[in-house]
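In this note's numbering, the protein residues as written are 46 to 197. Glycine included, each C-beta is placed from N, C-alpha and C at the ideal position. Note that this is a predicted model, so its numbers are computed, not measured.
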């Protein structure tokens, strides 16, 4: 893995607090992500001048974790903030790490962090249950869902 990118001046990376739930929800709702299952206890946030500019969560399942809900505020994209947060979440993971994303552009982004597409049959059962709804909706709407795993 590459050396960490330093946070932009004035930015702070920290675990979320209960007071962050609404800023997290608004940030997630600003992009086409699933706004359900947002538990502030699982989130890390990056803030600038006490305003949340990025968030992401590590969700724990039986035998696996999911990197999810990684969002960077519009004015802060393409500045390395998302990469910093993704690397931090990867380092915090304590179990095999998976994610789901829509489209090859996002899949290419996560490949930079060592994620690879994974076959449905190779997913832990707990993630087959979790990702099952996404897979069904993606199939019905013909959306390009990619499920990825980061090998150890």
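Decide if residue i is buried, meaning its Cβ has at least 16 other Cβ atoms within 10 Å, or exposed.
i           : result
residue 46  : Residue placement at residue 46 is poorly supported in this model, since its pLDDT is 47, which falls under 50; the coordinates still yield a value, given next. By the 10 Å Cβ count, residue 46 comes out exposed.
residue 101 : buried
residue 75  : exposed
residue 236 : Look at the range of the chain in this structure, 46 to 197, and you will see that residue 236 is not part of it.
residue 186 : exposed
Closest to residue i by CA distance: which of the options is it?
i           : options           : result
residue 173 : 107, 64, 132, 74  : 107
residue 161 : 191, 137, 182     : 191
residue 105 : 93, 179, 135      : 135
residue 118 : 187, 131, 96      : 96
residue 99  : 77, 109, 81, 61   : 61
residue 153 : 170, 178, 193     : 193
residue 196 : 73, 175, 138, 171 : 138
residue 158 : 73, 143, 176, 86  : 143
Rounded to whole angstroms, what's the CA-CA distance from residue i to residue j? Just pull it up for me.
i           : j           : result
residue 189 : residue 53  : 33 Å
residue 68  : residue 128 : 20 Å
residue 56  : residue 183 : 36 Å
residue 70  : residue 166 : 32 Å
residue 145 : residue 112 : 8 Å
residue 91  : residue 120 : 13 Å
residue 168 : residue 140 : 13 Å
residue 89  : residue 114 : 10 Å
Indicate the three-state DSSP secondary structure (helix, strand or coil) for residue i in the structure shown.
i           : result
residue 86  : helix
residue 114 : strand
residue 46  : Residue placement at residue 46 is poorly supported in this model, since its pLDDT is 47, which falls under 50; the coordinates still yield a value, given next. Of the three classes helix, strand and coil, the one that applies to residue 46 here is coil, per DSSP.
residue 72  : helix
residue 195 : strand
residue 64  : helix
Report the residue ranges of all alpha helix (DSSP H) runs contained in full by the region 110 to 188; include only those spanning at least 4 residues, in chain order.
126 to 137, 149 to 156, 170 to 186
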